[in-house]
Amino acid sequence: MRLRRLLPEQGPWGDQKKTLTMSVNPNQAVLRKTEQPGTDHNSKVWVLRCTRCGECYGANSTDAWERRCPNCGGGWPGLPIPTEREGQNWNREELVIAFNLYNQIPFGAIHARNPKLVELAAILGRSPGSVSFKLSNFARLDPSLQARGIRGLQHGAKGDQEVWHEFAQRPEALVYESARLLADRLGGTVENVAELDESDLPPPGVEREALVRLRVNQEFFRKRVLSAYEFRCCVTGLGIRPLLVASHIVPWAEDAANRLNPKNGLCLNALHDRAFDRHLMWVDSDFTVRFAPSLRESAQRSETCLAWLLSFEGSRLKLPKKFTPDADFLRQHSARCLGESPSAKPR
Ligand SMILES: [Zn+2]
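Everything in the sequence shown is counted per our numbering, starting at 8 for the first residue and increasing by one.
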């Protein structure tokens with residue numbers, strides 16, 4: 008769930024899109040239609056998001072399609088975004104949606120100016136400050152931050168604790184539910200909210216539903232790990248997001264209990280991820296990076312890419328601020344690389 012791209016120009020609208028075609032223009036997505044009166048006769052305030060820059064702004068329902076983005080389109084300042092829910096208790100649905108966002112952003116990025124928080128606030132009808140406060144409350148309960156002595160805000164609501172507890176009990180179900188709740192609010196699909204590649208999915212049916220559940224959870228894991236590492240490869244420091252992968256230390260298929268455990272993940276660039284996945288690279292328990300001898304033999308044949316890959320031999324992993332990789336998972340993986348797995352044999 009990356010909020011900046013929740014509603015692309017083409018996608019989740021289905022029949023609803025047709026009815027809205029005359030109401031908004033291609034550079035706008037409707038996040039929410041409120042019951043708050045607008046400034047035109049008989050108008051209501053609609054909350055729009057610019058599909059080019061992500062800016063959220065209010066507009067009159069009667070002329071929303073004429074609006075240009077106040078940020079990138081030279082438009083007039085938008086109407087204030089209504090915050091009807093401000094000051095009211097958070098319900099479970101809101102908490103589950105916010106909890107998902109909490110898991111996608113680094114702790115240091117929880118502030119009221121973060122565009123993702125601003126967008127979620129616009130969707131929920133709350134202020135960005137209120138969403139920031141809620142995410143800080145989740146941080147108070149986060150075991151990975153407690154371990155570092157970060158306590159977040161005190162006096163969190165009981166509902167926050169219940170969501171954490173539920174997540175610990177049934178993580179995969181809750182992650183899927185949060186995507187579905189958000190999709191329902193936006194009138195879109197889970198596939199779009201989770202930014203799944205539709206071309207990679209079978210036609211609608213039981214098989215697709217099962218695959219979507221799986222992909223939603225994999226995407227959740229990916230964002231949780233990448234954000235923990237602040238979107239940098241933990242071997243090379245590379246920060247080009249399209250080249251980064253959340254690599255499972257113990258494979259997804261082999262340890263159901265730790266599928267979503269970010270301590271079972273590393274943020275790697277695509278090439279080192281492949282080497283790690285194929286047991287040609289491992290990480291010692293003191294977080295030193297190692298490569299298989301078979302690769303070194305190949306590197307001696309002056310292959311530039313391999314030389315670069317192996318140049319990190321003996322370097323120390325760049326550890327994240329939270330979710331330090333679990334030493335036991337690393338041991339399991341390195342044991343395979345060192346001969347317990349058939350795939351560890353030199354190729
Ligand atoms: Zn814009």
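By construction, the Cβ of each residue, glycine as well, lies at the ideal position given by its N, Cα and C atoms.
Remember, predicted model here, so these are calculated numbers, not experimental data.
Check the Cα spacing between Glu-101 and each of Leu-55, Leu-181 and Ile-88: the tightest is with Leu-181. Out of Ala-314, Ser-292, Phe-294 and Asp-293, the CA that lies nearest to the CA of Ser-301 is found in Ala-314. For Pro-332, DSSP assigns no beta-bridge partner whatsoever. Pro-44 is bridged by DSSP to Lys-51. The C-beta of Val-213 has fewer than 16 other C-beta atoms within 10 Å across all chains shown, which makes the residue exposed. When DSSP assignments are scanned along the stretch 173-260, the uninterrupted stretches of beta strand (DSSP E) that are 3 or more residues long and fall wholly within it turn out to be 251-255. The residues Leu-267, in chain order, have a CB closer than 7 Å to that of Pro-178 in the same chain once the five nearest residues on each side in sequence are set aside. Those residues having their beta-carbon less than 6 Å away from any non-hydrogen atom of ligand 1 are, in chain order, Cys-57, Arg-59, Cys-60, Glu-62, Cys-76, Asn-78, Cys-79 and Gly-80. Under the DSSP assignment, Asn-67 falls in the beta strand (DSSP E) whose first and last residues are 63-67. In this model, Leu-148 and Phe-174 are separated by some 12 Å (Cα to Cα). By the C-beta criterion, the stretch 257-264 is judged not to be in contact with the stretch 319-328, since fewer than 3 inter-stretch pairs fall below 8 Å. Assigned with DSSP and collapsed to three states, Val-37 falls in strand. Close CB contacts of Trp-83 within its chain, under the 7 Å cut and outside five residues either way in sequence, are with Pro-77 (chain order). Looking at the DSSP output, Val-290 bridges to Val-296. By the beta-carbon neighbour count (other beta carbons within 10 angstroms, threshold 16), Asn-144 is buried. Looking only at Val-252, Leu-55 and Leu-273, the smallest Cα-Cα distance to Gly-132 is reached by Leu-55. For the set Pro-122, Val-138, Asp-333 and Val-125, the Cα lying nearest the Cα of Val-232 is the one of Asp-333. Just so you know, the alpha carbons of Ala-129 and Ser-50 end up roughly 19 Å apart. For Arg-75, the three-state secondary structure derived from DSSP is coil.
Below 8 Å, enough C-beta pairs join the stretch 275-286 and the stretch 244-257 to call them touching: three or more.
Apart from sequence neighbours up to five positions away, the residues of its chain that approach Leu-218 with a beta-carbon distance below 8 Å are Leu-208 and Pro-209, ordered along the chain. Measuring C-alpha to C-alpha distances from Trp-171 to each of Ile-88, Glu-237, Asp-335 and Ile-104 identifies Ile-104 as the nearest.
Look at Leu-324 here: in three-state DSSP terms it is coil, with no helix or strand label. Here Ser-305 has Leu-313 as same chain residues with Cβ atoms under 8 Å from its own Cβ, once five neighbours each way along the sequence are excluded.
Here Cys-312 carries a helix assignment [DSSP, helix/strand/coil].
For Gly-272, the uninterrupted beta strand (DSSP E) segment begins and ends at 272-276. As summarised for the stretch 112-169, the continuous alpha helix (DSSP H) elements at least 4 residues long and confined to that stretch are 122-131, 135-148 and 150-153, given in chain order. Beta-bridge partners assigned by DSSP to Leu-102: none are found. Taking a 10 Å sphere around the C-beta of Lys-230, we find 16 or more other C-beta atoms and assign the residue as buried.
With fewer than 16 other Cβ atoms inside 10 Å of its own Cβ, Asp-335 counts as exposed. Here the alpha carbon of Leu-337 sits roughly 7 Å from the alpha carbon of Ser-292.
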